[in-house]
Amino acid sequence: MIIVFGILNALTPFTIDLYLPAFPQIAADLGVAVSRMSLSVSVYFIGFALGQVIYGPLLDRFGRHRPIYGGLAIYVLATLGCMTTTSFEGLLVFRFISALGGSAASVGAIALVRDHIPAEKAARAFATLMLVLSVSPLLAPTIGSLITTAASWRAIFAVLAVLAIANLALVMFAVPRTYSPDPSVSLRLAPILRTFRDALAQPQFRTYTLAGSLSFAGLFVFVSGSPAVFMDGFGVGPSGFGAIFAILAGGMILGGQLNHLLLKHFASEQVFRRALFVQVISGVTFLALSLTLDLGKWPTVVLLFAFLHCAGITYPNAAALALQPFTKNIGSASSLLGFLQLGMGAIAAALVGVLDLTGPTPMAFVMAVCSTAGWILLNSARRLGEASAVEQTSTQ
Numbered sequence: 440m441i442i443v444f445g446i447l448n449a450l451t452p453f454t455i456d457l458y459l460p461a462f463p464q465i466a467a468d469l470g471v472a473v474s475r476m477s478l479s480v481s482v483y484f485i486g487f488a489l490g491q492v493i494y495g496p497l498l499d500r501f502g503r504h505r506p507i508y509g510g511l512a513i514y515v516l517a518t519l520g521c522m523t524t525t526s527f528e529g530l531l532v533f534r535f536i537s538a539l540g541g542s543a544a545s546v547g548a549i550a551l552v553r554d555h556i557p558a559e560k561a562a563r564a565f566a567t568l569m570l571v572l573s574v575s576p577l578l579a580p581t582i583g584s585l586i587t588t589a590a591s592w593r594a595i596f597a598v599l600a601v602l603a604i605a606n607l608a609l610v611m612f613a614v615p616r617t618y619s620p621d622p623s624v625s626l627r628l629a630p631i632l633r634t635f636r637d638a639l640a641q642p643q644f645r646t647y648t649l650a651g652s653l654s655f656a657g658l659f660v661f662v663s664g665s666p667a668v669f670m671d672g673f674g675v676g677p678s679g680f681g682a683i684f685a686i687l688a689g690g691m692i693l694g695g696q697l698n699h700l701l702l703k704h705f706a707s708e709q710v711f712r713r714a715l716f717v718q719v720i721s722g723v724t725f726l727a728l729s730l731t732l733d734l735g736k737w738p739t740v741v742l743l744f745a746f747l748h749c750a751g752i753t754y755p756n757a758a759a760l761a762l763q764p765f766t767k768n769i770g771s772a773s774s775l776l777g778f779l780q781l782g783m784g785a786i787a788a789a790l791v792g793v794l795d796l797t798g799p800t801p802m803a804f805v806m807a808v809c810s811t812a813g814w815i816l817l818n819s820a821r822r823l824g825e826a827s828a829v830e831q832t833s834t835q
């Protein structure tokens, strides 16, 4: 069952990564610079973050299936709009709408994990989810480069629409309805905001959501900035970029596999804290070397691999620990978790574009700042007395 949830959750990374090798072709066809194509990634992140907030209450009020059906239908229509658009502005609008629809799949997948998986096994379940999630960027850029070469960039969006329809069928026929809709969940803005406020008031949720989001923001920075760094800066072609992207995605997969082993011997909180510390070291090292040396293609790949490897460990543990205290309104809590992850990731990705730096330095700077901020936040929570509540809950 967890594989089904992973496939559902993988629609988003496929949507983001499949068209990255086509950036030069799309830019030429729509009459914009390649560097501006990163806006289509940031717009998707923003729409996806907003969708997290929208679908959380809907999943609690109406059950898991109906909101997922509706979201995927919106995604399909908007993706077909991306396929047929003739302007860059149209692409941005349809990408935003497709993100709003597609977010139902990711929020729903997380809520379904909590519905079907016992709390004490949630961390391992999220690690498996992360493994399936990591396979998407491993394959997507390579597949995208093949589609671009064989047909055109527009065919990529046709493939995405078909994948969404397949996901809809998978949910319809393979996922049992174990969650009963809760009519008491209000869809009015004030009660929804109160639910989010109550979630943020929970020390464990607040600590691991924010620290985990800062750690995971490096992934969004990489996705948004890597086409310009490797294809424009280092002169890598679409197929070469797909191979590099697959190598780096492999770093996250290895992180997820290592996490499985670590959780057999250590508590989830311990694994998260230590992996975040290693990520800080790798991020700061990446920044220091990018400022002092003329980093080439492969040194950049090695440093990114180390950073993303740590993200493969921190993400599943942060998600499991953040959602662990909840027995009610899990959909709302998971949507807020996703909103903060995507929102902070979108901000971090946007910073890469505004920094007046060259080469991999903008990526390295934002990665180092985000991971360090996450480490400081986690340790500040421990010093302020929230650590006791966090650790007690995580070891129950």
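Per our numbering, the very first residue in the sequence shown carries number 440; after that it's consecutive. The C-beta atom is built at its ideal place from N, Cα and C for all residues, glycine as well. On a predicted model such as this, the values are computed, not experimentally measured, just so you know.
Minimum C-alpha distance to residue i - residue among the options
| i | options | result |
| --- | --- | --- |
| ALA550 | TYR618, PHE725, SER663 | TYR618 |
| SER542 | LEU775, THR811, ALA467, ALA758 | LEU775 |
| LEU519 | GLY657, GLY540, GLY777, ALA789 | GLY540 |
| THR731 | VAL492, ALA787, PRO620, PRO799 | PRO799 |
| PRO630 | SER665, PHE684, GLY495, SER575 | GLY495 |
| ARG553 | VAL710, LEU762, ARG636 | LEU762 |
| THR766 | ILE493, ALA561, VAL492 | ALA561 |
| LEU570 | ASN756, ARG821, ASP671 | ASN756 |
| SER625 | LEU779, ALA745, ASN768 | ASN768 |
| PHE673 | PRO738, ILE692, TYR647 | PRO738 |
| ALA685 | ASP671, ARG475, SER665 | SER665 |
| GLU528 | ILE465, PRO764, GLN641, ALA667 | ILE465 |
| VAL532 | PRO557, VAL546, LEU478, VAL668 | LEU478 |
Classification of residue i by the beta-carbon crowding that lies within 10 angstroms, buried from 16 upward
| i | result |
| --- | --- |
| VAL741 | exposed |
| HIS704 | exposed |
| LEU781 | buried |
| GLY676 | exposed |
| GLY735 | exposed |
| PRO506 | buried |
| PRO576 | buried |
| ASP499 | buried |
| GLU708 | buried |
| LEU653 | buried |
| ALA589 | exposed |
| SER663 | buried |
| SER819 | exposed |
| PRO865 | Residue 865 falls outside the range modelled here, since the chain spans only 440 to 835, and no answer is possible. |
| ILE815 | exposed |
| ALA564 | buried |
| SER623 | exposed |
Opening and closing residue of the alpha helix (DSSP H) in which residue i lies
| i | result |
| --- | --- |
| PRO642 | 642-665 |
| HIS704 | From DSSP, HIS704 is part of no alpha helix (DSSP H); its letter is neither H nor E. |
| ASN768 | Where ASN768 is concerned, there is no enclosing alpha helix (DSSP H), given that its DSSP letter is neither H nor E. |
| VAL546 | 527-555 |
| PHE669 | No alpha helix (DSSP H) contains PHE669, which DSSP labels as neither H nor E. |
| LEU457 | Counting along the chain, LEU457 falls outside any alpha helix (DSSP H), and DSSP gives it neither H nor E. |
| ARG593 | 592-613 |
| GLY618 | The sequence given here has Tyr at residue 618, not Gly. TYR618 -> no alpha helix (DSSP H), and no H or E assigned at all. |
| MET802 | 800-822 |
| ASP499 | 477-501 |
| ARG505 | 504-523 |
| VAL473 | Counting along the chain, VAL473 falls outside any alpha helix (DSSP H), and DSSP gives it neither H nor E. |
| ALA467 | 462-469 |
| GLY676 | Segment: none, GLY676 is in no alpha helix (DSSP H) and carries neither H nor E. |
| GLY445 | 441-448 |
Cut-off 8 Å between Cβ atoms - residues of its own chain near residue i, not counting five sequence neighbours on either side
| i | result |
| --- | --- |
| VAL785 | Correcting the residue type first, residue 785 is Ala in the shown sequence and not Val. Same-chain partners within the cutoff: SER481, PHE484, ILE485, ALA488, PHE659. |
| PHE635 | VAL492, SER771, LEU775 |
| SER526 | LEU469 |
| TYR508 | LEU607, VAL610, MET611 |
Beta-carbon proximity list for residue i, same chain, < 6 Å, skipping 5 on both sides
| i | result |
| --- | --- |
| LEU457 | ALA579, GLY583, ILE595 |
| ALA603 | LEU511, TYR514, VAL515 |
| LEU447 | ALA544, ALA548, ASN606 |
| ALA613 | VAL443 |
| SER694 | Per the sequence shown, the amino acid found at residue 694 is Gly instead of Ser. Result list for GLY694: HIS748, GLY751, ILE752, in chain order. |
| ARG593 | MET522 |
Check whether residue i and residue j have beta carbons under 9 Å apart
| i | j | result |
| --- | --- | --- |
| LEU747 | LEU817 | no |
| LEU530 | LEU469 | yes |
| GLN643 | LEU760 | yes |
| ALA656 | MET783 | yes |
| MET806 | LEU687 | no |
| PHE600 | MET522 | Phe is not the amino acid found at residue 600; the sequence shown has Ala there. A contact, by the Cβ cut-off of 9 Å. |
| LEU572 | ALA745 | no |
| ALA597 | HIS699 | no |
| GLY502 | PRO620 | yes |
| GLN718 | SER810 | yes |
| THR856 | LEU779 | The question about residue 856 has no answer, for the chain in this structure spans 440 to 835. |
Own chain, CB closer than 7 Å to residue i, minus 5 neighbours either side, in chain order
| i | result |
| --- | --- |
| PRO460 | PRO580, GLY583, SER584, THR587, PRO677, PHE680, GLY681 |
| GLY813 | ALA650, LEU653, SER654, LEU715 |
| LEU790 | VAL805 |
| ILE455 | VAL480, TYR483, VAL662 |
| MET440 | HIS555 |
Test: residue i CB closer than 9 Å to a CB of chain C
| i | result |
| --- | --- |
| VAL482 | Protein chain content of the structure displayed is limited to a single chain, and chain C is not contained in it. |
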